[in-house]
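In what follows, a single structure is set out as structure tokens and then discussed.
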Amino acid sequence: MESAPQSRCINCAQRSDRFFCDLSADALQAFDQIKSVSHYQRGTVLFRQDEIARGIFLLCQGRVKLSVISDSGKRLTLRIVGPGEVLGLSACLSGGPHEVTAEMMDDAQVAMVKRKELLLFLRQHREACLHVVHLLSQDLHIAYDRVRAVGLGRTRRVRPEPVH
Amino acid sequence: MLSPYGLDIIESCLTCKVRADRIFCDLPAAALQCFEGIKYATAYPKGAVLFVEGQAPRGIFVLCKGRVKLSICASDGKTLIVKIAEPGEVLGLSASVSGKAYELTAETLDPCQVNFIKREDFLRFLRDHSEACFKVAEQLSEKYNNACHEVRALGLSHSAGEKLANLLLEWSSKNGEATKQEPRLKLALTHEEIAQMIGTSRETVTRLFADLRKRQIVQSKGSTLVIRNKAALRLLATNG
Numbered sequence: 017m018e019s020a021p022q023s024r025c026i027n028c029a030q031r032s033d034r035f036f037c038d039l040s041a042d043a044l045q046a047f048d049q050i051k052s053v054s055h056y057q058r059g060t061v062l063f064r065q066d067e068i069a070r071g072i073f074l075l076c077q078g079r080v081k082l083s084v085i086s087d088s089g090k091r092l093t094l095r096i097v098g099p100g101e102v103l104g105l106s107a108c109l110s111g112g113p114h115e116v117t118a119e120m121m122d123d124a125q126v127a128m129v130k131r132k133e134l135l136l137f138l139r140q141h142r143e144a145c146l147h148v149v150h151l152l153s154q155d156l157h158i159a160y161d162r163v164r165a166v167g168l169g170r171t172r173r174v175r176p177e178p179v180h
Numbered sequence: 006m007l008s009p010y011g012l013d014i015i016e017s018c019l020t021c022k023v024r025a026d027r028i029f030c031d032l033p034a035a036a037l038q039c040f041e042g043i044k045y046a047t048a049y050p051k052g053a054v055l056f057v058e059g060q061a062p063r064g065i066f067v068l069c070k071g072r073v074k075l076s077i078c079a080s081d082g083k084t085l086i087v088k089i090a091e092p093g094e095v096l097g098l099s100a101s102v103s104g105k106a107y108e109l110t111a112e113t114l115d116p117c118q119v120n121f122i123k124r125e126d127f128l129r130f131l132r133d134h135s136e137a138c139f140k141v142a143e144q145l146s147e148k149y150n151n152a153c154h155e156v157r158a159l160g161l162s163h164s165a166g167e168k169l170a171n172l173l174l175e176w177s178s179k180n181g182e183a184t185k186q187e188p189r190l191k192l193a194l195t196h197e198e199i200a201q202m203i204g205t206s207r208e209t210v211t212r213l214f215a216d217l218r219k220r221q222i223v224q225s226k227g228s229t230l231v232i233r234n235k236a237a238l239r240l241l242a243t244n245g
């Protein structure tokens, strides 16, 4: 069984298995200072598409559904993310609005870091910045897979072969 | 220097005049000096393939001049254009960082100048220069944003008509024409390429354009398209 989540990252047992969290003691201490930990109920919306990014959300446990919504209100699930994932990273870095809506699928602990503090943290800790670049690259790979599935996945109905 | 393609090659990033306007290139002096040492300035004709989807990453390509078509391909040969990259953009970034295969195919639409950096050199450069690392994160964020937009546009629009209307509205909002009553836009792509951008056939795009012209929603003058009835186009974009 997984051990209970810790409010301090430095005491977290799962840290080393998680890409973003696996930081040096120095960086981790600084991260502990700027993050705030909250428990969210299933169904809580962490952020909505087109909202200006306030900060990033680091998922300590549970799952979150990321979806895109059209102007007419139609919804398409982009992916389901699990523990250790960082949400809202790209919007936070570009300073633009969130490109997806994130909704909690379980009751779980989430750490939040405000945008301004994150940017400062990334400038001061190069290893964290490199981790972020890696995470964004992976997110991008997954997003392009979705583009491929959505844009090219639709198969045309094959006409039956004429019988001779 | 005058080259066969009419391209004026910028040999050195240090003396590049447009550097300050480009997100990635606007680096501090020390990082720029290091970048200068690892990059190769190359010129490509129109139609050259920089890298192919599925290929192991060799490195990144900084687009200095010209446009590059980024597309993905299905196993049945159907192509989808994800984006037309403009000067200042860095291509092959996520694959070079993660070490996974290139997820797109990049083909030049014009004669282009491209600065190439080998993957190992680039990764070392990122480790040594935190400012560059930050800029790469910004570029990746922008690409992610674009990919999500693409999923939304392709996955949540019903008809090809809806997608084309959306694409025309998006283009018309780009070059300061958005506020005009009748925005103009230059169609720099063929019907075939537009079809590949919205995931439909060339015939459908031609038919849709003919229909838009007949209903006097758009008017074409050579390669310039004038949107005569923006409200009607908006309605098409939401209802299909």
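Heads up: the protein sequence lines correspond to chains P and B, in order.
Take 17 as the starting number for the first sequence in my numbering and just add one per residue.
Take 6 as the starting number for the second sequence in my numbering and just add one per residue.
No residue lacks a Cβ here, since even glycine has one placed at the ideal position from N, Cα and C.
Only a predicted model underlies this, so the values are computations on that prediction, with no experimental measurement involved.
The Cβ atoms of residue 222 of chain B and residue 210 of chain B lie no closer than 8 angstroms to each other. Residue 102 of chain B reaches chain P at 149, 150, 153, counting residues in chain order whose Cβ is nearer than 7 angstroms. In the structure shown, the three-state DSSP call for residue 88 of chain P is coil.
Of the candidates B:240, B:83, B:237, B:214, B:214 places its Cα closest to the Cα of residue 228 of chain B. Nearest neighbour of residue 48 of chain B by Cα position, chosen from B:16, B:42, B:183, B:244, turns out to be B:16. Contact check between the stretch 11 to 27 of chain B and the stretch 105 to 114 of chain B: fewer than three CB pairs, one atom from each, fall below 8 angstroms, which does not count as touching. Contact note: residue 167 of chain P reaches chain B through 85, 159, 204, using a C-beta cutoff of 7 angstroms and chain order. Looking at the DSSP output, residue 109 of chain B shares a beta bridge with no other residue. Contact with chain P is absent for residue 129 of chain B, since none of that chain's Cβ atoms lies less than 8 angstroms from the residue's Cβ. Burial of residue 73 of chain B is indicated by the presence of at least 16 other C-beta atoms within 10 angstroms of its C-beta.
For residue 50 of chain B against residue 136 of chain B, the beta-carbon gap comes to about 34 angstroms, at or over 8 angstroms, which does not count as contact. DSSP places residue 119 of chain P inside the beta strand (DSSP E), whose first and last residues are 117 to 120. With 16 or more other CB atoms across the displayed protein chains lying within 10 angstroms of its CB, residue 94 of chain B is buried.
Take residue 155 of chain B, set aside five residues on each side of it, and the residues of its chain with a beta-carbon closer than 8 angstroms to its own are 87, 88, in chain order. Along the stretch 19 to 46 of chain P, none of the residues has a CB nearer than 7 angstroms to a CB of chain B. Residue contact check for residue 159 of chain P against chain B: a CB pair falls below 8 angstroms. The DSSP-derived three-state label of residue 147 of chain P is helix. Straight-line measurement puts the Cα of residue 31 of chain B at about 28 angstroms from the Cα of residue 66 of chain P. In terms of Cβ geometry, residue 99 of chain B and residue 153 of chain P form a close pair [threshold 8 angstroms]. Beta-bridge partners assigned by DSSP to residue 120 of chain B: B:46, B:67.
With respect to the 8 angstroms criterion, residue 35 of chain P and residue 150 of chain P are classified as neighbours on the basis of their beta carbons.
Around the beta carbon of residue 90 of chain P, a 10 Å sphere encloses fewer than 16 other beta carbons of the protein chains shown; the residue is thus reported as exposed. Taken atom to atom, the span from the alpha-carbon of residue 64 of chain P to that of residue 52 of chain B is near 40 angstroms. Spatial neighbours of residue 39 of chain B in its own chain (CB-CB distance under 8 angstroms, excluding positions within 5 residues in sequence) are listed in chain order as 130, 133, 134.
At a C-beta separation below 8 angstroms, residue 214 of chain B has no neighbours in chain P, since its nearest C-beta there lies roughly 21 angstroms away. Residues 134, 136, 137 of the same chain have their beta carbon placed closer than 6 angstroms to that of residue 36 of chain B, with the five preceding and five following residues left out of the count.
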